[in-house]
Amino acid sequence: MSQNGHKVIGTRPIRHDGVDKVTGRAIYGADIQLTGLLHGAIKRSPHPHARIKNIDTSRAEAHPGVRAVVTAHDLPQIADKLADLGEAIVNLRDASNNVLAYGKVLYKGHAVSGVAAINLHVAQEAVELIDVEYEVLPHVTGVLEAMEDGAPILHEDMKTTSMGEETDKVSNVANHFQHKMGEPDDGFAEADVVIEREFTTQTVHQGYIETHNATAHWNEEGQLTIWTSTQGAFSVRDQMSEILQMPVSKVKIVPLEIGGGFGGKISVYLDPVAALLSKRTGHPVKMTMTRDEVFEGTGPTPGSYLKVKMGATSDGRLTAATAYMAYEAGAYPGSPVGAGAGCIFTPYDIPNVQIDGYDVCVNKPKTNAYRAPGATNAAYATETVVDEISEKLGVDPLEFRVKNGAKEGTRRADGPVHPRIGCIETTEAALNSEHYRSSLAKSGNGKVRGRGVASGYWFNFNGGRSAISVSINPDGTINMLEGSTDIGGTRASIAMQLAETIGLEATDIKPYVVDTDSIGYTDVTGGSRTTFGTGYAAHATGQALIREMKERASKLWDVPADAIDFEDGVFSYRDDAEKRGSFKELASQAGDAGGPVVAQVSTNPDGSGGGAFATHVVDVEIDRETGKVDILRYTAVQDAGTAIHPSYVEGQMQGGVVQGIGWGLNEEYIYNDEGSMTNASFLDYRMPTTLDLPMIETIIVEVPNESHPYGVRGVGEVPIVPPPAALANAIYDATGVRLRDLPMSPPRVQKALAENGG
Amino acid sequence: MATIYIPSLMRDLTGGKEIIHIEGADMRQIIANLETAYPGFKQRLLEEGTQRIKPNIAVMIDGRNARRILLDKVNEDSEIHFLPAISGGI
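Dropping the structure here:
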C-alpha cells in the first residue's frame, strides 16, 4: 500500500520494458532489417537562403548502385492551408517544403534531394553527384534583425496575421497577438518599484541521443508502411497522408522504441522521402540522420528576444506587468511564442497585464517543440525581474512568490481562470526545504558562491484523444494495447492506472505500444498529456472491464449483475458471502460465460484540469577568472497532482532540470557570418554530462488534479522551465552581476564580470 | 448569457469592448449571435465556409478547450475566451 491509499499508484515497480532496454533487445529504428532493403541519404543546402535555379540529378542516377533520386518535384503540390494534426498545427505547404525544398532553400541543411542506393556509402557518394544551381540570397538569422524593415524576406507572399486577420504588410513577422487584462499603465502608476529589462536566448536543440530515422515500404498494392522513431504514430500517419496526398487507410505507421524526443520527434523529415524512394524502387528504403543532420536539418527550440516590465508596491504586491516577446520560428511560421505568452506571468496573480507576441521567420531550421516550448525563454525573463523586485523590496524571493502566487480562481494573463492548482504549495515546499533553509558555506578556493530560485509553469495539454484495447488471459493477466509511444515510462504509468482500477498488480498488465492499424487514434506523447490522457483511458478501460466481469459473474453465479459489488479487487454477491472471487479467480472462468473478455475504450477529456508548477533552488560556485559556473546543489520542487510512479516523476524532474541547466549555461547554435552553424556536433555543442552535475534532489508535491480520476498532472515539461532563471539569480547572488543573455557560458560570464567589476 | 472575453486585437469589432454577453446554448449559436451583434467575427474565427474554428485559434469555455467543430455546450454563466492556438509542433 502506498502512502496515498492506493495499492499500485505511488509504488515503484520495475518498468515493463526495462529488461529489453538494458539487454539491448528493444528494437529501435536503426535495428530494422528487411529483405531487399535499400539505404537512403539526403542532399542538403550549403546556403542559409538561396533560390534553387536547377537540380541536375543525372550524374547521381548514373552512379553504380543508385536506385532512385527524388526532389520536391516528386512531391504533390500542397495547398497553403493550416491543418490540425493532433496537437500540432501545421501549414501543409510549409511542411512539404520543409521535407524537400521547393523553389528556395531557407536554411543551411535544408533538404533538397533524396537518394536510394544499395548501401549507405553509395547513397552518400551519390549525394555529392547531385548538382544544384543556386542564386544565393541575403540571409537573416537574428529575430530582431528579421523584424526590421529592409530585412531579407524569407517568404515573399507572407503577410503578418493578427488573431486570424491578415494585414497588408509583407514581413518576416508571421503573426502578432496580444493578451491584455486590466490597465497596465494604471498598475505601474500604483507601483513603488518598477523594473524593465531586456533578455535574449539562443537556439537550443533537444539533443535526443537517437537520431531521426525512417524505413518505408510502399508495396505493389499501394500500401505504405513506415517504421520510425516518433512521439506520435498517428500524427506521422496524418502528416504522411497530407504531404503525399494519399488516404490515411493506405498508411500504416509502426512506432519503434524512441531514444529521446522531448518534442522534437513529432514532425516528419525523412519519412516522406523514404516513402517516395520506396515507391520509385519497389524496395523498402531506410534512412537515418547523422548528428550534424539532426542539428542542422531538424527543429530546435527558438532563440528569442524579450522585454519584461513588472511593478510592485512597497508592501510586496505585484500591480502590473508587460511583456514584448519575439520568438524565432525558423524557416516557416510556428514558433512557440503563443505558449510562452500563456506561461510568462502565470505563476502570479497580477491585475494588469499586457503581452505582445511575435512569431518571426529567420534563416534557421523550422523550430519544433522542446519540453514546455516557449516557457523557458519566458521564465528566464520574468523570474529574474521578480528576483530583482524582491531584492529592491528587501523581501525573500520565495516569500514574495508565495504572496503573489496564483491559486484557484486567479485569472491567467491570457484570460482563463485557474482551477485547483499547486503553485503556492510548490513554492512553500521550496521555501521550507532543507536545501533552502540551509546556509550556503563560503568557498575556500577563491571562487564565489551564490543561491538562486525561480518558478515556472506549463499548461499541460488538454488530455487529447487516447485509445486502449485489452484482452484478459485465463490466468487473470491482461494484454494492454495502446497508441501512446513510451518516451518516459508511460507503459508503466498507464498500466499501473489500469491495475489500480481493477485490483491487479502492475506486473499483471502487459502493455504493448502498437501500430496505427491496431489501435484507435491516439494523440502524440507530448505536452505532458500521456500519463494524464491515456491514463484517463486506462481508468475508463478498467471501469469497462469491471462492468463486463460483473456480467460474467452474473452468469456464472446465476445472480443479477446489479447485485454484484466490486471492492478491493474482489467481486462479491451481496446476498451470499460464498459467491465471491478476485479478478484473477473470475478470469479463469469468465471465458466460459460469454467468450474471451475484451474491452476497447477511447477517451477525449475536456481539459487537463490546470497546469503544472515548479520552483527550483540552486547553489552555484563561480570561477571569476574563467567564468565557469559549477552546480553545487540543485533541488527541484514540483506539483505532480498524484505521482503514479514516483521514480519516473523524479526522473522527469531530474531530466528536465539537466536540460534546463544545459540551456542556461552552455548550449547554443553558434552561427558564422555565412549563416552556417559552426558547432553541429556533440563535441562542440556542449550538453551537460553526469560529470558536470551533482545528483538533482527532488521534492514531489501532490495537489490532486480534479479533472483526473486519480488526480494526475503531467510532469514532463515544467521542470525545464525554471533552471536558466534560477542560475542567473544564483550567479547574481554570487557576483552582484545580472546576466540577461543565454547561455551564461564561461566567456559570457567572464566578460560580464570583467565589465561590471563582479 | 455567456460572457465572452474579446482579445485586444479583435476589439475593433466590438467598438473596444473587452467583455460582452451573448445568448447561446452551444458554441455554434454563440458565434452566430456574435456575428449578428458584431459583424466580422465569423470571418475572423471560422474556416471559410465551415463551422470549424480556424486551426490557429483556440476556444476555451470555462477553462476547458472547446472542440473545433463547435458542438460544446455553453451555460448561462459560462466564460469564453478566444486565444492563439498553441503551435510549434507540440
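Top to bottom, those sequences are chains A and B.
Count the first sequence with the numbering used here and you get residues 1 to 758, in order.
Count the second sequence with the numbering used here and you get residues 1001 to 1090, in order.
Yeah, the Cβ is synthetic: ideal placement off N, Cα and C, and Gly gets one too.
Which residues in the same chain have their Cβ closer than 7 Å to the Cβ of Ile32(A), if we skip the five residues on either side of it in sequence?
-> Counting only Cβ-Cβ distances below 7 Å, and skipping sequence neighbours, we find Thr215, Trp227, Lys286.
Can you tell me which of the three DSSP states Leu318(A) falls into?
-> If DSSP states are grouped into helix, strand and coil, Leu318(A) belongs with the strands.
Can you have a look at Pro760(A) and say buried or exposed, based on whether 16 or more other CB atoms are within 10 angstroms of its CB?
-> Any property of residue 760(A) remains undetermined from this structure, which presents chain A solely from 1 to 758.
Exposed unless 16 or more other CB atoms sit within 10 angstroms - verdict on Ser278(A) = Its Cβ being crowded by 16 or more others within 10 Å, Ser278(A) is buried.
For Asp131(A), write down the residues that DSSP places opposite it in a beta bridge.
-> Paired residue(s): Asp56(A).
Relative to the alpha-carbon of Pro138(A), which residue among Val362(A), Thr211(A), Glu328(A) has its alpha-carbon at the smallest distance?
-> The shortest C-alpha separation from Pro138(A) is found at Val362(A).
In terms of alpha-carbon separation, which member of Asn445(A), Glu551(A), Ile487(A) lies closest to Arg624(A)?
-> Out of Asn445(A), Glu551(A), Ile487(A), the CA that lies nearest to the CA of Arg624(A) is found in Asn445(A).
Could you check which residue in Phe188(A), Glu257(A), Arg59(A) has the C-alpha nearest to that of Thr525(A)?
-> Of the candidates Phe188(A), Glu257(A), Arg59(A), the one whose C-alpha sits nearest the C-alpha of Thr525(A) is Glu257(A).
How many whole angstroms separate the CB atoms of Gly311(A) and Phe400(A), which I take to be in contact at a CB cut-off of 8 Å?
-> Not a contact, Cβ separation roughly 13 Å.
Would you give the residue range spanned by the beta strand (DSSP E) that Gly452(A) belongs to?
-> Element bounds for Gly452(A): 448 to 458.
Give the residues from the region 164 to 180 of chain A that approach chain B closer than 8 Å (Cβ to any Cβ), ordered along the chain.
-> The residues in question are Gly164, Glu165, Asn175, His176, Phe177, Gln178, His179, Lys180.
Listed from N- to C-terminal order along the chain, which residues in the region 391 to 416 of chain A have their beta-carbon within a distance smaller than 8 Å of any beta-carbon of chain B?
-> For the region 391 to 416 of chain A, the set of positions with a beta-carbon nearer than 8 Å to some beta-carbon of chain B reads Asp414, Gly415, Pro416 in chain order.
Touch test, the region 586 to 604 of chain A against the region 692 to 708 of chain A, Cβ-Cβ under 8 Å, three pairs minimum = Taking 8 Å as the limit for Cβ pairs, the verdict is that the region 692 to 708 of chain A does not touch the region 586 to 604 of chain A.
What's the C-alpha gap between Gly1089(B) and Ala331(A)?
-> Residue placement at Gly1089(B) is flagged as unreliable, the pLDDT there being 35, under the threshold of 50; the coordinate-derived value follows with that caveat. Gly1089(B) and Ala331(A) have their C-alpha atoms roughly 14 Å apart.
Check whether the Cβ atoms of Ala50(A) and Val136(A) lie closer than 9 Å to each other.
-> For Ala50(A) and Val136(A), yes; Cβs fall inside 9 Å.
Under the three-state DSSP convention, the category Tyr380(A) falls into = In the three-state reduction of the DSSP assignment, Tyr380(A) falls in the helix class, which pools H, G and I.
Which whole-angstrom value is the C-beta distance of Val251(A) and Leu224(A), which I expect to be below 8 Å?
-> The beta-carbon distance between Val251(A) and Leu224(A), rounded to whole angstroms, is 5 Å. This is short enough to meet the 8 Å contact definition.
Hey, does Ile78(A) have any beta-carbon neighbour from chain B nearer than 9 Å?
-> It does not; no Cβ of chain B falls within 9 Å.
Residue range of the unbroken alpha helix (DSSP H) whose run includes Arg1044(B) = Start and end: 1041 to 1045.
Note down, in chain order, all residues in the region 1051 to 1068 of chain B with a beta-carbon under 7 Å from any beta-carbon belonging to chain A.
-> Of all residues in the region 1051 to 1068 of chain B, Lys1054, Pro1055, Asn1056, Ile1057, Met1060, Gly1063, Arg1064, Asn1065, Arg1068 have a Cβ within less than 7 Å of some Cβ in chain A.
Cβ-based contacts, 9 Å cut-off: residues of the region 413 to 439 of chain A near chain B | From the region 413 to 439 of chain A, only Asp414, Gly415, Pro416, Val417, His418, Pro419 have a Cβ closer than 9 Å to chain B.
Would you list the residues sitting across from Ala339(A) in a DSSP beta bridge?
-> Note: Ala339(A) sits in no beta bridge, so no partner.
Residue ranges of each alpha helix (DSSP H) within the region 580 to 605 of chain A, 4 or longer = Here the runs fully enclosed are 583 to 590.
Decide if Gly409(A) is buried, meaning its Cβ has at least 16 other Cβ atoms within 10 Å, or exposed.
-> For Gly409(A), the number of other beta carbons within 10 angstroms of its own is below 16, and it is reported as exposed.
Residues of chain A with CB under 7 Å from Tyr1005(B), in chain order?
-> Taking a Cβ-Cβ threshold of 7 Å, the residues of chain A close to Tyr1005(B) are Gly415, in chain order.
Determine the extent of the alpha helix (DSSP H) in which Gln543(A) is found, giving its start and end residues.
-> Its alpha helix (DSSP H) spans residues 530 to 557.
Along the beta strand (DSSP E) that carries Leu38(A), what are the first and last residues, could you check?
-> Start and end: 38 to 44.
Lys265(A) - DSSP class collapsed to helix/strand/coil | It is coil, neither helix nor strand.
With Gly655(A) as the anchor, note down where its alpha helix (DSSP H) starts and where it stops.
-> Note, Gly655(A): alpha helix (DSSP H), 646 to 665.
For Asp238(A), is the classification buried or exposed, using 16 other Cβ atoms within 10 angstroms of its Cβ as the cut-off for buried?
-> Looking at its Cβ environment, which holds 16 or more other Cβ atoms inside 10 Å, Asp238(A) is buried.
Does any CB atom of chain A fall closer than 9 Å to the CB of Arg1028(B)?
-> Taking CB atoms only, Arg1028(B) has no neighbour in chain A less than 9 Å away.
Locate the alpha helix (DSSP H) running through Ile1020(B), then write down its first and last residues.
-> Here Ile1020(B) belongs to no alpha helix (DSSP H); instead the beta strand (DSSP E) covers 1019 to 1022.
My understanding is that Arg529(A) touches Gly714(A), with C-beta atoms under 8 Å, so please give their C-beta distance in whole angstroms.
-> Rounded, the Cβ-Cβ distance is 6 Å, consistent with contact.
Note the first and the last residue of the continuous alpha helix (DSSP H) segment covering Ser471(A).
-> If you look at Ser471(A), you'll find it isn't in any alpha helix (DSSP H); it sits in the beta strand (DSSP E) that goes 466 to 472.
Exposed or buried, Val597(A), counting other C-beta atoms within 10 Å across all chains shown (16 or more means buried)?
-> That one is buried.
Quick one, are the C-beta atoms of Pro1039(B) and Ile89(A) less than 9 Å apart?
-> Their beta carbons are not under 9 Å apart, which means Pro1039(B) does not touch Ile89(A) by this criterion.
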